Each structure stands twice: as structure tokens, then as C-alpha cells.
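K.L.:
Using our numbering, you'd call the opening residue of the sequence shown number 1346 and step up by one each time. Ideal Cβ placement from N, Cα and C applies to all residues, glycine included. Quick caveat: nothing in here was measured; it's all calculated off a predicted structure.
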Amino acid sequence: MSYALTANESRRLMRLAAQLSRPSPCGLLADPVVAEDMLQLFNADFIGSTRWNPEASSFEAAHCVGRDPGMADQYVRHFQFIDPISPRLRRRRGASHIYAAMRRDELHRTAYFNEFLKPYRTVEGIDLYVYRGHRNVGDVRVWRAAGRTPLGEREITLLNLLRPYLLNAMITPRSTAPPSVDAVMHSLQQHRWPCFLLDGDAKSEANDAARRLLRSLSPPQQEALQHCLRTVASSSLPLRWCDFTLCVLRLADTRTALVQLVPMESAHPSQAVRSERFGLTPREAQICELLVKGMTDQEIGRLLRLGYWTVRTHLQHVFAKLEVSNRVELTHRLLAEGREHNR
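1. From which residue to which residue does the beta strand (DSSP E) around R1585 run?
2. Hey, how far is the Cα of P1523 from the Cα of S1366?
3. Who are the Cβ neighbours of A1551 in its own chain at under 8 Å, not counting the five residues just before and after it?
4. Determine the closest residue to D1472 out of L1503, C1587, R1360, with distance taken between C-alpha atoms.
5. Hey, out of L1574, S1580, R1486, whose CA is closest to V1410's CA?
6. Can you say whether C1592 is buried or exposed, counting buried as having 16 or more other CB atoms within 10 angstroms of its CB?
7. Just grab the DSSP bridge partners of D1418 for me.
8. Tell me the rounded alpha-carbon separation between H1423 and V1656.
9. State the Cα-Cα distance for the pair S1611 and V1475, rounded to the nearest angstrom.
10. Give me the Cα-Cα distance between W1586 and E1460, rounded to the nearest whole angstrom.
11. Given that a residue counts as buried once 16 or more other Cβ atoms are within 10 Å of its Cβ, and exposed if not, what is Q1605?
12. Beta strand (DSSP E) containing A1551: first to last residue?
13. Would you be able to state if there are at least three C-beta pairs under 8 Å between the segment 1379 to 1393 and the segment 1354 to 1366?
14. Among residues of its own chain, excluding the 5 on either side of F1426, which ones have a beta-carbon nearer than 8 Å to its beta-carbon?
15. Name the DSSP beta bridge partners of C1592, please?
16. What is the DSSP secondary structure of S1441, counted as helix, strand or coil?
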């Protein structure tokens, strides 16, 4: 489904893309232009952002606009630990409405809703958890107050459209001093994702992962990738190519750029790899991919236009082939296989 943007909305969207490509030492929502454009583009009452700390298994560095800053502080200190929504939505690779993860009446009976969301007049939202491969690097939460027009597909589409720019903003180092070329070159070869170092004369150096990628491409594909690299390096804006987001980091000499190819949606094996490894049919592999993203059987059925029991039948076949007995064991098996695949 397509959505027509007004001239003002288009300008805000373009300005956001440009702003999010530049590092901010104070955080995603610290720039007042970014904050205002986000509020206006989504016609939101509240926009929040946090960073996930995998070592502490908790959210940190929370910021918000549209509400008192104390709301973000209270969330980090206490309410994240009784938040029933975020743990479910964090498993998803894409913007999702909160009521796709939890029924409205169920949420309204929780202390999280009655002691936190309701007093702050934020009762309906769409959250996007941004991933760098398999690692959640941060999130953006767009919410409205009671009585407002419900958030829907338009806002989900816009948030997903901004995802590569948000990823670029979240993984760019926040130091005000850009890294030196020597510092980057020292660590470049150790990186498991393809990285290209481009200087002002259009010369480039590549790490081992990038050279392997180039060898796997046909000459026209190599030419297309080189064109994308030059485009990203000159514009400093992230760009999608095939299954990657090209993210750029401007180095200390300002003429040199590091372009990193970050896997777009998944750090897990492709459907074709799963089909070959476990003897799955294409449909079974497709359902496995959606299951790993945290979708329910009903959601998978709606997306693939299958009946609920058809989805369940496919899953029973997958259980037998992977020698597991339920969805939890299957998810753990697929995630473990994904980690092994990416070593």
C-alpha cells in the first residue's frame, strides 16, 4: 500500500535522512531539528529512544521528546523492568504496533499501563528496534495520547523507511573527534563484515570480507557496488544495496570515508541455506524465518495468506525435521544455527 506525502512531509523526511547521517555526541533526539521533524512527520505526542545493553540485559541512555524528560529517567530506573511490551517487540525486525504484541485489554490491566503510560498520556504506540546484523543497537518509539487518531500502516511504513538512516545514526561513534585513518586501518582487517576505505582520489582499500564478497560477484555486480560506494562516500547518506545497508563514517582527514556493508534484516542463514541444511520446503523455510522474527502463527498466516491450521501443519513438519517438540525449542535451534552460521 502506498501513501502520498505532502510537500512539507517530503521535506521533513529528506531533512531527517540528512540529519540522521551525521553523528550527534548527545544522542539521537538531542538535535532539536531532528526531534521536531520526527514529532511533526509522525504527528506524534511522544517520541522516545533507548539503547540496549546486552551485558546488563536492560535499556539505557533513554531520551524522549513531547513529554517531561523525567519520563525517560523513570523508565530506565524502574518501569522497563515491568514493561510487558518491549521484550516481545524486541524480537521483531521492523516497526510494529504495540497491540500486535499484546491485546489492548491485557495491557490495560498491567501496572505498567496504569502507573506509567496512562499518567504520562501515552497510550498507543509503534516501536522500531534497530538491528545491526543480529545485535539490537537501539530503538525508536512513536506514541500518541488517548483520543487521537490511531497510529497505523502509514506510520509503520515511514518508520521502516527511516530504518537505514536510524541504523547509521545509532552505530556511528558519538565521539566528537573522528577516528584517524591509521586507527581504522588497524581494525579494518578484523571486521567480519565487508568494509571499504575510500580516499578523495576514489582509491579504495578493502578488508578480507570485502574481497571475498567482490570475488563472489559478477563484473556488472562489482561495477554496481563500486558505484554505490562512491555515491555513499560523496553524500554521507546510507544506501541500500542488495541485502546490505551501506553506512559511512567520515574520518579525521575529512577526505577519507569508511563504508561498511551491514546485513539488512537478518544475521541468520537464508531460506535457501535452511532448506538445504534441514531438508525444508521453501514454504517451511519461509515460515521459520518469520518465526525467528517473533511473529505468531496468526501473524504468519495473515502475511503469507495461509490459514492458521495450514501454518500449524507446516510447523509440525519442521518440528519433525529439526527434531524439536515446540516453538520455543525450534526458535532456540534456529537462533543457535544462525550464530554458528555467522562465525
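P.N.:
Taking the coordinates as given:
1. Taken as a continuous stretch (DSSP letters only), the beta strand (DSSP E) holding R1585 covers 1584 to 1586.
2. With a pLDDT of 49 at P1523, under the threshold of 50, the predicted position of this residue should be treated as unreliable, and no value is reported.
3. The answer, listed in chain order, is P1539, C1540, F1541, L1542, L1559.
4. Of the listed residues, the one whose Cα sits closest to D1472 is L1503.
5. Ranking the options by Cα distance to V1410, first place goes to R1486.
6. C1592 should be labelled buried.
7. Answer is none; D1418 lacks a bridge partner.
8. Approximately 38 Å, taken between the alpha carbons.
9. Per-residue confidence for S1611 stands at a pLDDT of 40, beneath the threshold of 50, marking its modelled position as unreliable; the derived number appears in the next sentence. Rounded to whole angstroms, the separation of the alpha carbons of V1475 and S1611 is 11 Å.
10. Here the C-alpha atom of W1586 lies approximately 44 Å from the C-alpha atom of E1460.
11. Q1605 counts as buried, since at least 16 other C-beta atoms from the protein chains shown sit within 10 angstroms of its C-beta.
12. Here the beta strand (DSSP E) through A1551 covers 1549 to 1551.
13. Flag = yes, the segment 1354 to 1366 and the segment 1379 to 1393 touch.
14. Only S1403 meet the Cβ criterion.
15. Residue pairing for C1592: DSSP places it in a beta bridge opposite Q1605.
16. If DSSP states are grouped into helix, strand and coil, S1441 belongs with the strands.
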